[in-house]
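Visitor: If you scroll down you'll find the structure; I have some questions about it.
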Amino acid sequence: GNDVSLIAGQNLDNIGTLRAANNLSAAAGNDLVNSGLIEAGNRLDLLAGNDLINKSGGIIAGRDVTLTALRGDVINERTVTSHQSAADDATWRKDFADSAARIEAANDMTLQAGRDVKNTGSVLQAGRDLSISAGRDVAI
Numbered sequence: 031g032n033d034v035s036l037i038a039g040q041n042l043d044n045i046g047t048l049r050a051a052n053n054l055s056a057a058a059g060n061d062l063v064n065s066g067l068i069e070a071g072n073r074l075d076l077l078a079g080n081d082l083i084n085k086s087g088g089i090i091a092g093r094d095v096t097l098t099a100l101r102g103d104v105i106n107e108r109t110v111t112s113h114q115s116a117a118d119d120a121t122w123r124k125d126f127a128d129s130a131a132r133i134e135a136a137n138d139m140t141l142q143a144g145r146d147v148k149n150t151g152s153v154l155q156a157g158r159d160l161s162i163s164a165g166r167d168v169a170i
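Using this note's numbering, the first residue of the sequence shown is number 31, and each one after it goes up by one.
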């Protein structure tokens, strides 16, 4: 649609596509987790009462992007899945890395966390200004 607004009392999990031609806002009382696509043609505002997580190749994109985790962390991560096997006296392990998660703003991006902001093996990209504030640590 033109403008999209979502409100979840507890968790909001997106594994598909949330898209707005203009503004998109989504709020979760607890965790907001994206492993799909969240995209807005203009403003994109995501708010989580606890953690805001973008993982498993998830994409969050808009012209101006604001992500806020009130009490928790803002996490943008490449997920690694391990598989371990054993036969007779041999064991082996394989690690599989998903595609990099991406948070992109054509103009300005703001990340705010009550605790930590973590970007692990993933992309943060702003066309103009990137502002990060955390109650504890910022790990890029």
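Even glycine gets a Cβ: it sits at the ideal position worked out from N, Cα and C.
Under 8 Å by Cβ, that's how I've got Ala56 and Leu48 pegged, so tell me the actual separation to the nearest angstrom.
Guide: With a Cβ gap of about 7 Å, Ala56 and Leu48 count as contacting.
Visitor: Which residue from Ser35, Ser163, Val147 and Met139 puts its Cα closest to that of Ala172?
Guide: Any question about residue 172 goes unanswered here, given that the chain covers just 31 to 170.
Visitor: Does the distance from the C-beta atom of Asp146 to that of Asp81 stay below 7 Å?
Guide: Taking 7 Å as the Cβ cut-off, Asp146 and Asp81 do not qualify as a contacting pair.
Visitor: Excluding the five sequence neighbours on either side, which residues of its own chain have a C-beta within less than 6 Å of the C-beta of Ala164, listed in chain order?
Guide: Ala143, Asp146 and Val147.
Visitor: Taking the beta strand (DSSP E) that Asn64 belongs to, which residues open and close that run?
Guide: Counting along the chain, the beta strand (DSSP E) containing Asn64 begins and ends at Leu62 to Asn64.
Visitor: Between the Cα of Asp33 and the Cα atoms of Gly46, Val95, Asp43 and Arg73, which residue gives the shortest distance?
Guide: Ranking Gly46, Val95, Asp43 and Arg73 by Cα distance to Asp33 puts Arg73 first.
Visitor: Give a yes or no on whether the C-beta atoms belonging to Asp94 and Ala78 are separated by under 7 Å.
Guide: Not a contact, by the Cβ cut-off of 7 Å.
Visitor: Below 6 Å CB to CB, which residues in the same chain sit around Asn106 once its five sequence neighbours on both sides are set aside?
Guide: Answer for Asn106: Asn84, Ala131, Ile133, Asn149 and Ser152, listed in chain order.
Visitor: With distances taken Cα to Cα, identify the nearest neighbour of Leu160 among Leu36, Leu97 and Arg166.
Guide: With distances taken between Cα atoms, Leu160 lies closest to Leu97.
Visitor: Taking DSSP's pairing of strands, which residues face Lys124 in a bridge?
Guide: Answer by DSSP bridge pairing, in chain order: His113.
Visitor: Suppose you measure from the CA of Asp75 to the CA of Gly59; what does that come to, to the nearest Å?
Guide: So the alpha carbons of these two residues sit roughly 14 Å apart.
Visitor: Give me the Cα-Cα distance between Ala99 and Gly31, rounded to the nearest whole angstrom.
Guide: Distance between the alpha carbons of Ala99 and Gly31: 25 Å.
Visitor: State the DSSP-derived secondary structure class of Ala156, mapped to helix, strand or coil.
Guide: If DSSP states are grouped into helix, strand and coil, Ala156 belongs with the strands.
Visitor: Can you give me the C-alpha to C-alpha distance between Asn44 and Ser112, rounded to a whole angstrom?
Guide: Rounded to the nearest angstrom, the two C-alpha atoms are 23 Å apart.
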